[in-house]
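Chains as they are written, first to last, in my numbering: chain P, 1 to 393; chain Y, 1 to 393.
Every residue, glycine too, gets a C-beta built ideally from N, C-alpha and C.
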């Protein structure tokens, strides 16, 4: 195994009606003027924003607001948020939403902390952040894990560049997680979220070395839990216990816990999907489901032991056979699972049909974003990326 | 399941030679003058203290030192540490050792933060802490989990009172965890540590409600991992991978992760053992092993589903039978495991033989310490405690 650091300072307040704690928590972490950042109108219509504002008022916290965050959140709104916060004297970013809203908030927080610099430079990796304003969230979608993670993905709409920046500076101060708030999500969003949660775990599971037994046990248990509860929610979307299992799993999948001791993870599927998301604006989790089976079939022989372990311990494959056969049965079982929750297993089912030229362009962008190659289970170069995109058509 | 909070801000630096990071980490968290607090002479003899001092000097951090912490650390040394730190202007507590040293450091840190008050009042629960100086550790024993926990147990030697105080204020800033540092521990210490780790998980597992599947999966995986690696270390004490699995498990078992969603846990075995430790100064983990089987047989009918789940998923009992039979087989399998690592399963094997009057006194003290009763799997009153002590003779 490899040396590692583990740092998850985010204070989680989990359970029913916990959004009422928002004001108290902002105060605890020193906020005096909050930007309430959110996406569409659902947070408004549901009354959630009003409950949060009431909680802030009760705690004597001032606020302003900015909605309009879209999936694959745009740099352009980040710039708008930075200007608004400067004008309003905001000192605390409160995201009300899922990963897109939290990521947009993190980007605004970076921008405010170093107001003389262009925040996009972080995502271009031409500099690293020196500071970041405090960020926190009231989570309404269980998926991205951004509520506890150091990650942040922003899309520059002008040229469809979707880029990630990871830094502990942006780890949120607190996360308010009321599973009830996720009950009204459309099933497609819920299931895309479950795929994203699983993929955050699987990206760290399929590596060429360093794995710890305790980390594997946690990862395998998390995957089994999410699969079981995703299927429950597919039929019974207001099942509180299942919503809670998935929501807590979303944080644990991406706060670092499922990667302790390994080599940093593979993350090739994520990088491949980022370019699909940048070009076609697909839902992230569904995009991951569409690319993973092809990635898995392309790389499994390079990481056979792990694929066999995954087949046995996660997908509960009990059949006998050669290691290759068991590994493939594990991949097939995952495809069956995706279908059971109406998730795609290729780009055609996802509803996108990139041309050969677009595949070439996505691979070129992916190579640029990854500095030339990506992956641990198997290191992928441009030609490999093209091959996987073609397999996933 | 129940609402919960989860808060583990401790930054973990895990792996080989990580003690060289001590100075950098103290500086990162604002320390300028450190008390190096430790136990016996092994940290000195092994050269560890010298390496830590070199790292502090390199970072420009001043230090003084205080050794002599014993298992079941004494209030009397805590007072001495507080006086020394006042005189030396210490602003950061660095524990070099295991749970006892970390707990002693936490108590000193509480005492320094409120210098006009008697720190023992916290352990008597006649007041709560308002502040605590920063604490961190270089861990040399995997057991107590104090390196990430909010717990702290101190013994007043004058009257054998062993008392706990839990408060997030004392969560350590960082923990440096080099598994190599635990390789020279006597086997009895190693195995006692493994029992303690397991018990921190099991205390949270056997409850009357609120359990989450994801939490159970983590707990069960952690228990299986520790059992397997305890047996490896029993034969091969310098196995790095096994030391690492046990060390990381020690933190995860007690940082809150294995209790998310439940009702706070049972902890009756811990409270029963605390009084044994207070009266006889036994090694904590071995004391837990000596009392758990009797506790389990006394309470299992009250929490039958959980005991069956434990038998199946942790002890891998595959036999058929009634729920009661399966539950008992799980308890027997745990006794066999304890014996396989030379741990006791009763007080006689532990080497203590309390008289009826001493049992009465331990139960009386336990009742006092718990405010009248303790437990979730089954709520225990004084008569129950006496019964369990008698069963465990």
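Task: Extent of the continuous beta strand (DSSP E) to which residue 350(Y) belongs - done: Here residue 350(Y) corresponds to residue number 350 of the second chain, with the count starting at 1. Premise fails: residue 350(Y) lies in the alpha helix (DSSP H), 347-350, not in any beta strand (DSSP E).
Task: Buried versus exposed, by CB contacts within 10 Å (16 or more), residue 371(P) - done: Reading the first chain from its first residue, position 371 is the one you call residue 371(P). Exposed is the call here.
- [ ] Please check if any C-beta of chain P sits within less than 9 angstroms of the C-beta of residue 271(Y).
- [x] Taking the first residue of the second chain as position 1, residue 271(Y) is located at position 271. By this cut-off, residue 271(Y) is not an interface position.
TODO: Measuring alpha carbon to alpha carbon, tell me which of 74(P), 149(P), 210(P) and 170(P) ends up nearest residue 38(P).
DONE: Reading the first chain from its first residue, position 38 is the one you call residue 38(P). Out of 74(P), 149(P), 210(P) and 170(P), 74(P) has the C-alpha closest to the C-alpha of residue 38(P).
Task: Residues of its chain near residue 97(Y), where Cβ-Cβ distance is below 6 angstroms and the 5 sequence neighbours each way are ignored - done: Counting from 1 along the second chain, the entry for residue 97(Y) is found at position 97. Around residue 97(Y): 38, 39 and 140.
Open item on the list: Looking at chain Y, is there any beta carbon in it that lies within less than 9 angstroms of the beta carbon of residue 6(P)?
Closed with: Translated into positions along the first chain, residue 6(P) becomes position 6. Residue 6(P) counts as touching chain Y.
TODO: Taking only beta-carbon positions, decide if residue 180(P) is within less than 9 angstroms of chain Y.
DONE: For the purposes of this step, residue 180(P) is identified with residue 180 of the first chain, where counting begins at 1. No - not a single Cβ of chain Y is within 9 angstroms of the one on residue 180(P).
- [ ] Let me know if residue 136(P) comes out buried or exposed under the rule of 16 or more other beta-carbons within 10 Å of its beta-carbon.
- [x] Position 136 of the first chain, counted from the first residue, corresponds to residue 136(P). That one is buried.
Open item on the list: Less than 9 angstroms between CB atoms is the rule here; does residue 183(P) satisfy it with respect to chain Y?
Closed with: Within the first chain, the letter at position 183 stands for residue 183(P). By this cut-off, residue 183(P) is not an interface position.
TODO: Report yes if the CB atom of residue 104(Y) is closer than 9 angstroms to the CB atom of residue 81(Y), and no otherwise.
DONE: The residue given as residue 104(Y) occupies position 104 in the second chain. The residue given as residue 81(Y) occupies position 81 in the second chain. It is a contact, given that the beta carbons lie within the stated cut-off.
Open item on the list: Can you pull the chain P neighbours of residue 260(Y), defined as C-beta to C-beta under 8 angstroms?
Closed with: Position 260 of the second chain holds residue 260(Y). Those within 8 angstroms of residue 260(Y) in chain P are 14 and 248.
Task: 7 angstroms Cβ shell around residue 363(P) - same chain, five flanking residues per side excluded - done: Here residue 363(P) corresponds to residue number 363 of the first chain, with the count starting at 1. The answer, listed in chain order, is 382, 385, 386 and 389.
Task: chain P within 9 angstroms of residue 220(Y), Cβ atoms only - done: Taking the first residue of the second chain as position 1, residue 220(Y) is located at position 220. So yes, residue 220(Y) belongs to the interface.
- [ ] Reducing DSSP to helix, strand and coil, say where residue 310(P) ends up.
- [x] On the first chain, residue 310(P) is found 310 positions in, with the first residue counted as 1. Reduced to three states, the DSSP call for residue 310(P) is helix.
Task: Cutoff 9 angstroms: residue 244(Y) Cβ touching any chain P Cβ - done: Mapped onto the second chain, residue 244(Y) falls at position 244. Interface residue, yes.
Task: Closer than 9 angstroms at the beta carbon, the chain P residues around residue 9(Y) - done: Counting from 1 along the second chain, the entry for residue 9(Y) is found at position 9. Chain P residues near residue 9(Y): 7, 8, 9, 10 and 11.
Open item on the list: Check whether chain Y comes within 9 angstroms of residue 228(P), counting only Cβ atoms and requiring the distance to be less than that.
Closed with: On the first chain, position 228 is the one that residue 228(P) refers to. Cβ-Cβ to chain Y under 9 angstroms: yes for residue 228(P).
Task: Sub-9 angstroms separation of residue 213(P) and residue 228(Y) beta-carbons - done: Residue 213(P) sits at position 213 when you count from the first residue of the first chain. Residue 228(Y) sits at position 228 when you count from the first residue of the second chain. Yes, Cβ-Cβ distance for residue 213(P) and residue 228(Y) is below 9 angstroms.
TODO: Return no unless some Cβ of chain Y is closer than 9 angstroms to the Cβ of residue 214(P).
DONE: To locate residue 214(P), count along the first chain from 1; it is residue 214. Yes, contact with chain Y.
TODO: For residue 89(Y), I'd like the list of residues in its chain whose CB is within less than 7 angstroms of its CB, leaving aside the five on either flank, ordered along the chain.
DONE: Taking the second chain and counting its residues from 1, the one referred to as residue 89(Y) is at position 89. Taken in chain order, the residues that qualify are 33.
Task: Runs of alpha helix (DSSP H) wholly within the stretch 131-207 of chain Y (minimum 4 residues, chain order) - done: 187-205
Open item on the list: So if I threshold CB-CB distances at 7 angstroms, which residues from the stretch 15-38 of chain P count as touching chain Y?
Closed with: 15, 16 and 18
Task: residue 22(Y) (DSSP reduced to helix, strand or coil) - done: As a first step, residue 22(Y) must be located in the second chain, where it is residue number 22. Three-state DSSP puts residue 22(Y) in a helix.
Task: beta strand (DSSP E) segment containing residue 11(P), residue limits - done: The residue you call residue 11(P) lines up with position 11 of the first chain. Looking at the DSSP string, the run of the beta strand (DSSP E) that includes residue 11(P) is 4-14.
- [ ] Would you verify that the beta carbon of residue 257(P) is, or is not, closer than 9 angstroms to some beta carbon of chain Y?
- [x] As a first step, residue 257(P) must be located in the first chain, where it is residue number 257. It does; some Cβ of chain Y falls within 9 angstroms.
Open item on the list: Is the beta carbon of residue 277(Y) closer than 9 angstroms to that of residue 8(Y)?
Closed with: Against the second chain, residue 8(Y) aligns to sequence position 8. Against the second chain, residue 277(Y) aligns to sequence position 277. No, Cβ-Cβ distance for residue 8(Y) and residue 277(Y) is not below 9 angstroms.
Open item on the list: When you compare the CB positions of residue 391(P) and residue 292(P), do they come within less than 9 angstroms of one another, or not?
Closed with: On the first chain, position 391 is the one that residue 391(P) refers to. On the first chain, position 292 is the one that residue 292(P) refers to. No. Outside cutoff.
Task: Option in 178(Y), 160(Y) and 162(Y) with minimal Cα separation from residue 147(Y) - done: For this step, residue 147(Y) is matched to residue 147 along the second chain. Per the Cα distances, 178(Y).
Task: residue 111(P) - containing beta strand (DSSP E), residue span - done: The residue labelled residue 111(P) in the question sits at position 111 within the first chain. Element bounds for residue 111(P): not the beta strand (DSSP E) but the alpha helix (DSSP H), 99-113.
TODO: Would you mind sorting residue 46(P) into buried or exposed? The rule is 16 or more other CB atoms within 10 Å of its CB.
DONE: Reading the first chain from its first residue, position 46 is the one you call residue 46(P). By the neighbour-count rule (16 or more Cβ atoms within 10 Å), residue 46(P) is not buried but exposed.
Task: Sheet register partners of residue 36(Y) (DSSP bridge) - done: Indexing the second chain from 1 puts residue 36(Y) at position 36. Partner(s): 65(Y) and 94(Y).
Task: Nearest-angstrom Cα separation, counted from residue 53(Y) out to residue 183(Y) - done: Residue mapping note: residue 183(Y) aligns to position 183 of the second chain, counting from 1. Residue mapping note: residue 53(Y) aligns to position 53 of the second chain, counting from 1. Cα to Cα, the separation comes out at about 21 angstroms.
- [ ] Measure from the C-beta of residue 252(Y) to each C-beta in chain P and report whether the shortest distance is under 9 angstroms.
- [x] If you number the second chain from 1, residue 252(Y) lands on position 252. Chain P, which has a Cβ nearer than 9 angstroms to the Cβ of residue 252(Y), makes this yes.
Task: Contact with chain Y by residue 124(P), beta-carbon distance below 9 angstroms - done: Your numbering for residue 124(P) matches position 124 in the first chain. Not one chain Y Cβ lies under 9 angstroms of residue 124(P).
Open item on the list: Quick check on residue 339(P): does DSSP put it in helix, strand or coil?
Closed with: As a first step, residue 339(P) is located in the first chain; it is residue number 339 there, counting from the start. In the structure shown, residue 339(P) sits in a helix (DSSP, three-state: H, G or I).
TODO: Buried or exposed for residue 23(Y), please, with buried defined as at least 16 other CB atoms from any protein chain shown within 10 angstroms of its CB.
DONE: Position 23 of the second chain, counting from 1, holds the residue named residue 23(Y). Buried.
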